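Count along the sequence shown from 1, then add 146; that gives the number in this note's numbering.
Beta carbons are placed, not taken as given, at the ideal position from N, Cα and C, and that holds for glycine.
Remember, it's a predicted structure, so these values are computed and weren't measured experimentally.
Quick notes on the structure that follows.
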Amino acid sequence: MVLAGLVGLAIALGLGCTQRFVPTPGNPPPEVAASPSSAPLPVMVRPERPESDLPAGIQFFRTDNAGQLAEDGANHVIVFDPRSPELDFKVNLGIAHPLYAQNPDGSLRREYVPKRFRELVQDENAQLEGQWPIAAINGDYIDVDDTPQGLNVSRGVEYAGPFAERRSSFAISGGPPETRQGTIAVGRRDDPALQFNAVGGNGRFYRQGEFRDICQDLGEMACWRETNRSMAAIAANGQVILLVNSSTTPEQVLYPHQFDEVLAGISERLSLGPIQEAMLLDGGLSTALYFNGRIYVENLNPMGSVLLIYAQSPA
147 MVLAGLVGLA IALGLGCTQR FVPTPGNPPP EVAASPSSAP LPVMVRPERP
197 ESDLPAGIQF FRTDNAGQLA EDGANHVIVF DPRSPELDFK VNLGIAHPLY
247 AQNPDGSLRR EYVPKRFREL VQDENAQLEG QWPIAAINGD YIDVDDTPQG
297 LNVSRGVEYA GPFAERRSSF AISGGPPETR QGTIAVGRRD DPALQFNAVG
347 GNGRFYRQGE FRDICQDLGE MACWRETNRS MAAIAANGQV ILLVNSSTTP
397 EQVLYPHQFD EVLAGISERL SLGPIQEAML LDGGLSTALY FNGRIYVENL
447 NPMGSVLLIY AQSPA
């Protein structure tokens, strides 16, 4: 996504607002508008599983900006335990060939093409051992040449962009389910097993349990004009929160100084423990979220990567 890519570049270079704006419910910024969607949502794209058939260790719900359950809440939330034996993971990217394909000389093929979210959750590369994903969230920014910008890894195979060592990424380690963990870090992990599946992003606002308002880092556009948000967070008990805010009114907009409130509300309600790490994924016109056959949020632009979650029968 060109706009998101430019915003992400500004973050990577440390550019920010020259004057800080702190919006409040009584003082919203001007001209806040929801990012347009391609079709009425949610939209069914695959058969829905009955609730009794959903894998253990994952749940979906909607909340308000305090993290409290709300049927019409703007925050679409997936919480999962990466250690669940009933879950597995993969990253898909916008490429014109099968994932992991090689050139005649044995090098990895990387022929990037623009693909929107619904393509990335439904094309052949979205399958894992013949299974379609049960859940997905948008990942990395896309550059003007359709290249993902940060660190993206799919089942141990790296599709890294020019900012792979400078931006944060969210990753899930490989290995037996009981040892899997989520991590958020800048650049590649010292242990490659920790980034078995990874999606790039930018805008880290929790680090080792400490929250920081990143409005100035984001800059004026991303802080309070491009207000559709997509984020990943890791709680003290190891569970992961994926959240996409798709606001339709000024009161639903989620600003950077509110990120801790919504995540803390979710974590407290589910007894996950304090939030330890959190970061933004791509935002603006690339936010998207899918769960159990339905796309709940989807916007107009292609994206660099998606994180896919699968139902895996326990051994």
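query, result
"Could you please give me the residues that DSSP links to K236 through a beta bridge?", "L454"
"Please classify L400 as buried or exposed, where buried requires at least 16 other C-beta atoms within 10 Å of its C-beta.", "buried"
"From F342 to Y436, what distance separates their C-alpha atoms?", "22 Å"
"Can you check whether the CB of V191 is closer than 8 Å to the CB of I441?", "yes"
"How about Q458 and D234: do their beta carbons lie closer than 8 Å?", "yes"
"If you check the beta carbons only, do A378 and Q422 fall under 8 Å apart?", "no"
"Nearest CA to the CA of M425: which residue from G355, E366 and G419?", "G355"
"With 16 as the cutoff for other CB atoms within 10 Å, does L266 come out buried or exposed?", "buried"
"If you measure between the beta carbons of P244 and Q327, is that distance less than 8 Å?", "no"
"Going straight from the alpha carbon of S253 to that of A202, what length do you get?", "38 Å"
"Just mark V237 as buried or exposed, buried being the case when its beta carbon has 16 or more other beta carbons within 10 Å.", "buried"
"If you count every other CB in all the chains shown that lies within 10 Å of the CB of A158, and 16 or more means buried, which is it?", "Because the pLDDT at A158 is just 45, under 50, the model does not fix this residue reliably, and the value given afterwards should be weighed accordingly. Its Cβ being crowded by 16 or more others within 10 Å, A158 is buried."
"Can you check whether the CB of R208 is closer than 8 Å to the CB of V223?", "yes"
"Just the Cα atoms here: how many angstroms apart are G320 and G365?", "35 Å"
"Sorted by chain position, which residues of the same chain lie with C-beta nearer than 6 Å to R262's C-beta, five sequence neighbours on each side aside?", "P448"
"Per DSSP, what kind of secondary structure is G172 in: helix, strand or coil?", "With a pLDDT of 48 at G172, under the threshold of 50, the modelled position of that residue is not reliable, and the figure given next carries that caveat. If DSSP states are grouped into helix, strand and coil, G172 belongs with coil."
"One question on the structure: do G411 and G213 come within less than 8 Å of each other, judged by their Cβ atoms?", "yes"
"So, with DSSP's three-state summary, where would you put T433?", "coil"
"Are the CB atoms of G346 and R313 nearer to each other than 8 Å?", "yes"
"Buried or exposed: D289, going by 16 or more other Cβ atoms within 10 Å of its Cβ?", "buried"
"Can you tell me whether A462 is buried or exposed? The criterion is at least 16 other CB atoms within 10 Å of its CB, across all chains shown.", "Since the first residue of the chain shown is 147 and the last is 461, residue 462 is not available in this structure."
"Which residues mark the beginning and the end of the beta strand (DSSP E) in which A424 is found?", "I421 to L426"
"Just tell me which of L239, P196 and L187 has its CA closest to the CA of D218.", "L187"
"Measuring only the C-alpha atoms, how far is A272 from R358?", "35 Å"
"Going by beta carbon distance, what residues of the same chain come within less than 7 Å of R264, once the five residues before and after it are set aside?", "V191, I441 and E444"
"Can you name, in chain order, every residue of its own chain whose Cβ lies under 6 Å from the Cβ of L388, other than the five neighbours on each side?", "I224, I283 and A378"
"Please determine, among Y352, V390 and P193, the residue with the shortest C-alpha to C-alpha distance to L427.", "V390"
"Which residue from A306, Q248, L416 and R195 puts its Cα closest to that of R334?", "A306"
"For the alpha helix (DSSP H) that contains M367, what are its first and last residues?", "C361 to W370"
"Are there 16 or more other CB atoms within 10 angstroms of the CB of N249, so buried, or fewer, so exposed?", "exposed"
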